[in-house]
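Undergrad: Starting off with a structure, shown below.
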Amino acid sequence: MAFDPMGVGLVLARNDQKEVIISSPPFAGSSAAKAGLRQGQRVEKVDDMSFKELSLLAVADRVSTRDPPSVTLTLREGEGETREVVLERLRQAKPQNQVESGIVTNALGHKVGFLRLRTVGARSALEMQEALGRLRAEGAQEWVIDLRGNGGGSFPAALEAAELFLPKGATAAQVKLPSVDKEKPILVGEEGERQERVGSATEPVAVLVDAGSASASEVLAVALRGNCRAPLIGSRTYGKAAVQGVFGLPNKEAVALTVARYSGPHGERIEGGLEPDLSSGLSLGGLSPQGLMSALGAPQLSA
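Counted the way full-length UniProt numbering counts, the sequence shown spans residues 1 to 303.
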């Protein structure tokens, strides 16, 4: 789902009730955003494909294969009430940016740069690095990394993003393989080429999380907190530390098999979710980074 295969600017996921919901705010400028769709809305069908019968992956794959000019989403509005929304599909060779960024000024007059990651993919660290350089040139003095609604993605990409804020030699995470009894620490700069490319930021950092922050985004969050690099602000995360490999079968189906489990730099458990250091007490999903920082009192980032 990392590169929006439906082409309408949405990331979908199943909630605890197994309903399919819009798991994060629609991508800026997308068909879904223009139609006013919101995080948390329930989706029953895409075109003639019901999520009661098909998996998320199967629906996304069929949409990509059919490549229609538009898709029709059936939204569940209430008990027994549905409505349909027709969304034009964007055909683009280049994937949507994985990082949104900007600057806000807090009550102390500090310029705070925010980086919002909607997913964790191969270009995340590169786009974050580019944003850090640009925002630093515009006067940013501290950072907010917004992982709300980020359902994860690539674990190596999460570690690569963490390296932007950690010194060389720091333990970013630990990994447990089925064939080995002992957890193996993963150190920043183990691959010299990567360290040269991403460097390390030293300004103050805070990380925004919620129940939609899962998997690879939790690895990024715990790597920064475990190294006393950033507090977590918001609400408890989803709690998924398993890494799946997807193995193709002769009948063109596939099996997803857990091949590893990650934990924090000091073995901190991710299963069950990461508790925030500061609970906002707010409904985070509907707030932009600017709005959340204003509601929380952004000067706390300087503490």
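Every residue, glycine too, gets a C-beta built ideally from N, C-alpha and C.
(1) On the premise that Leu274 lies in contact with Ala221, defined as a C-beta separation below 8 Å, what is that separation, rounded to the nearest angstrom?
(2) Rounded to a whole number of angstroms, what is the C-alpha to C-alpha distance between Glu163 and Arg83?
(3) Do you know how far the Cα of Met49 is from the Cα of Ser124?
(4) Let me make sure I understand the geometry here. Which of Arg66, Lys18, Lys252 and Asp61 has the alpha-carbon closest to that of Val43?
(5) According to DSSP, is Val86 helix, strand or coil?
(6) If you run the structure through DSSP and keep just helix, strand and coil, what is Arg42?
(7) Note the first and the last residue of the continuous beta strand (DSSP E) segment covering Gly113.
(8) What would DSSP say about Leu10, mapped onto helix, strand or coil?
(9) Spell out a yes or no on whether the region 62–80 and the region 28–48 are touching, meaning 3 or more CB-CB pairs, one atom from each, closer than 8 Å.
(10) Taking the alpha-carbon positions, what's the Ala13 to Arg89 distance?
(11) For Asp146, which of Arg118, Ala140, Leu187 and Leu87 has the nearest alpha-carbon?
(12) Which residues bound the alpha helix (DSSP H) around Gly226?
(13) Report the residue from Trp143, Ser200, Lys184 and Lys182 whose alpha carbon sits nearest the alpha carbon of Pro231.
(14) Could you give the C-beta distance for Thr237 and Val209, rounded to a whole number, given that I count them as a contact under 8 Å?
(15) Between the Cα of Arg148 and those of Ser55, Ser217 and Ile270, spot the shortest distance and give me the residue it belongs to.
(16) Would you say the region 168–186 touches the region 101–116, given that touching needs at least three Cβ pairs under 8 Å?
(17) In angstroms with no decimal places, state the Cα-to-Cα distance between Gly102 and Leu87.
(18) Specify, as a first and last residue, the run of the beta strand (DSSP E) that Pro185 falls within.
(19) Tell me the DSSP bridge mates of Gly102?
(20) Classify residue 304 as helix, strand or coil using the three-state DSSP reduction.
(21) Measure the Cβ-Cβ separation of Gly264 and Arg225 and say whether it is below 9 Å.
(22) Taking the straight line between their C-alpha atoms, what separation do you get for residue 312 and Lys34?
(23) For the alpha helix (DSSP H) containing Thr65, list its first residue and its last residue.
(24) Are the CB atoms of Val104 and Asn150 nearer to each other than 9 Å?
(25) Have a look at Ser31 and Asp67 and give me their C-alpha separation to the nearest angstrom.
(26) Short check: CB of Gly189 to CB of Lys168, under 9 Å?
(27) Could you tell me whether the Cβ atoms of Val20 and Leu56 are closer together than 9 Å?
(28) Determine the burial state of Gly227: buried for a count of at least 16 other Cβ atoms within 10 Å of its Cβ, exposed for fewer.
(29) Please list, in chain order, all residues of the same chain as Ala256 whose beta carbon is under 7 Å from its beta carbon, the five residues on each side excluded.
(30) Would you list the residues sitting across from Gly234 in a DSSP beta bridge?
(31) Distance, Cα to Cα, Lys240 vs Glu81?
(32) Evaluate Pro178 with the Cβ neighbour count: other Cβ atoms within 10 Å of its Cβ, from every protein chain shown; 16 or more gives buried, anything less gives exposed.
TA: According to the structure shown:
(1) Confirmed, Cβ separation roughly 6 Å.
(2) Straight-line spacing of the CA atoms in Glu163 and Arg83 works out to 45 Å.
(3) Ser124 and Met49: Cα-Cα distance of roughly 31 Å.
(4) The shortest Cα separation from Val43 among Arg66, Lys18, Lys252 and Asp61 belongs to Lys18.
(5) Val86 falls in the strand class under three-state DSSP.
(6) Arg42 falls in the strand class under three-state DSSP.
(7) Per DSSP, the continuous beta strand (DSSP E) segment holding Gly113 begins and ends at Lys111 to Leu117.
(8) In the structure shown, Leu10 sits in coil (DSSP, three-state: anything other than H, G, I, E or B).
(9) With a cut-off of 8 Å, the region 28–48 and the region 62–80 count as touching, because enough Cβ pairs lie within range.
(10) Those two C-alpha atoms are separated by around 19 Å.
(11) Measuring C-alpha to C-alpha distances from Asp146 to each of Arg118, Ala140, Leu187 and Leu87 identifies Arg118 as the nearest.
(12) Looking at the DSSP string, the run of the alpha helix (DSSP H) that includes Gly226 is Ala216 to Gly226.
(13) Ranking the options by Cα distance to Pro231, first place goes to Trp143.
(14) Between Thr237 and Val209, the beta carbon gap of about 5 Å places them in contact (Cβ cut-off 8 Å).
(15) Per the C-alpha coordinates, the member of Ser55, Ser217 and Ile270 positioned closest to Arg148 is Ser217.
(16) Inter-segment contact for the region 168–186 and the region 101–116 is absent: fewer than three beta-carbon pairs are separated by less than 8 Å.
(17) If you take the alpha carbons of Gly102 and Leu87, they lie about 28 Å apart.
(18) Taken as a continuous stretch (DSSP letters only), the beta strand (DSSP E) holding Pro185 covers Lys184 to Leu187.
(19) Its beta-bridge partners are Phe114.
(20) For the chain, the structure presents residues 1 to 303; residue 304 sits outside this window and is missing.
(21) The beta carbons of Gly264 and Arg225 sit closer together than 9 Å.
(22) Residue 312 is absent from the structure shown; the chain starts at 1 and stops at 303.
(23) From DSSP, the alpha helix (DSSP H) with Thr65 extends over Leu56 to Arg66.
(24) Not closer than 9 Å, so no.
(25) Using only the alpha carbons, I get a separation of about 16 Å.
(26) Lys168 sits close to Gly189, with the two beta carbons spaced by under 9 Å.
(27) Judged by their CB atoms, Val20 and Leu56 are nearer to each other than the 9 Å cut-off.
(28) Before going on, a small fix: residue 227 reads as Asn here, not Gly. Classification of Asn227: buried, given that the 10 Å Cβ count is 16 or more.
(29) These residues qualify, in order along the chain: Gln244 and Val246.
(30) Per DSSP, Val209 and Ser279.
(31) Spanning the alpha carbons of Lys240 and Glu81 requires a straight line of approximately 33 Å.
(32) Under this definition Pro178 is an exposed residue.
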